[in-house]
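**Student:**
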Amino acid sequence: MKHKTLFSLLATLGLVLALGSSIPMPRQVNAQSGMAAPSSAATAAQAGSGYISVAPGAFHPVSDDCDYINYGSSLYNGSGGCAYVAPVQLPQGATVTKVTAYWADYSSDQEANVFLNRVSHGDVTDETLAWMESSGSSGDGSSEDTSISYATIDNSLYAYYVWWGLPDVNLTGKSIVVEYTYSTSLPLVQRDS
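Residue numbers (the numbering used here): 12 to 204.
(1) Excluding sequence positions up to five away, which residues of its chain have a Cβ less than 6 Å from the Cβ of S33?
(2) Which two residues bound the contiguous beta strand (DSSP E) that contains S158?
(3) Look up A69 in the DSSP assignment and say whether it is helix, strand or coil.
(4) Do the CB positions of S153 and T108 come within less than 7 Å of each other?
(5) Would you check if there are 3 or more beta carbon pairs closer than 8 Å linking the segment 90–99 to the segment 73–81?
(6) Return the bridge partner residues of K109 from the DSSP annotation.
(7) How is T139 classed by DSSP in three states: helix, strand or coil?
(8) Ignore the nearest five residues each way along the sequence and tell me which others in E155's own chain have a CB closer than 7 Å to its CB.
In structure tokens:
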């Protein structure tokens with residue numbers, strides 16, 4: 012019996028050594044507080060800048076009668092024009108500094124439009140933070156807005172989203188990038204294993 016137990020212990024030890032840190036190890040408990048100590052010394056992100064990218068795959072049409080094609084990497088209308096929306100999750104307290112829209116514009120008489128908006132919780136009134144427009148039939152390109160209104164993000168009062176208007180089949184949405192800064196450390200989210 013002792014040999015079987017010793018064999019099991021050695022086999023388990025070998026498995027732990029083979030798998031390394033992928034097996035959850037016992038956690039240390041602080042004797043004073045009784046709380047489990049974190050398994051690693053993680054730190055909060057320091058002040059600086061960041062980017063949020065919104066891919067075309069995140070966008071949904073605002074109307075059920077839109078004829079559109081969304082490949083995830085590009086968004087365009089099958090016929091006519093349509094508008095699309097996608098949520099944007101920005102860090103609390105961040106300051107938006109620039110929004111850039113990437114698209115292909117082969118329309119001689121229509122422009123694509125992008126708005127970064129916020130809406131008050133429980134309300135339907137939009138407020139625009141940034142607005143961009145494509146420039147007629149120039150092919151692949153981008154536009155940016157650095158004159159941001161309501162630049163400080165307040166997730167306790169507002170939800171944020173991008174509205175993308177493509178009024179012509181010759182306009183293609185590629186992606187949106189929201190740049191922001193933060194002056195304090197962002198909160199650390201760590202999963203308790």
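All residues carry an ideal CB built from backbone N, CA and C; glycine is no exception. These numbers come from a predicted model, not from an experiment.
**Tutor:** According to the data block:
(1) Unreliable placement is indicated for S33, whose pLDDT of 40 sits below 50; the coordinate value is still reported in the next sentence. Closer than 6 Å at Cβ, skipping near neighbours: no residue.
(2) S158 -> no beta strand (DSSP E), and no H or E assigned at all.
(3) Looking at A69 - three-state DSSP - the assignment turns out to be helix.
(4) no
(5) Short answer: they touch.
(6) E190
(7) The three-state secondary structure of T139, taken from DSSP, is strand.
(8) K109, V110, T111, M143
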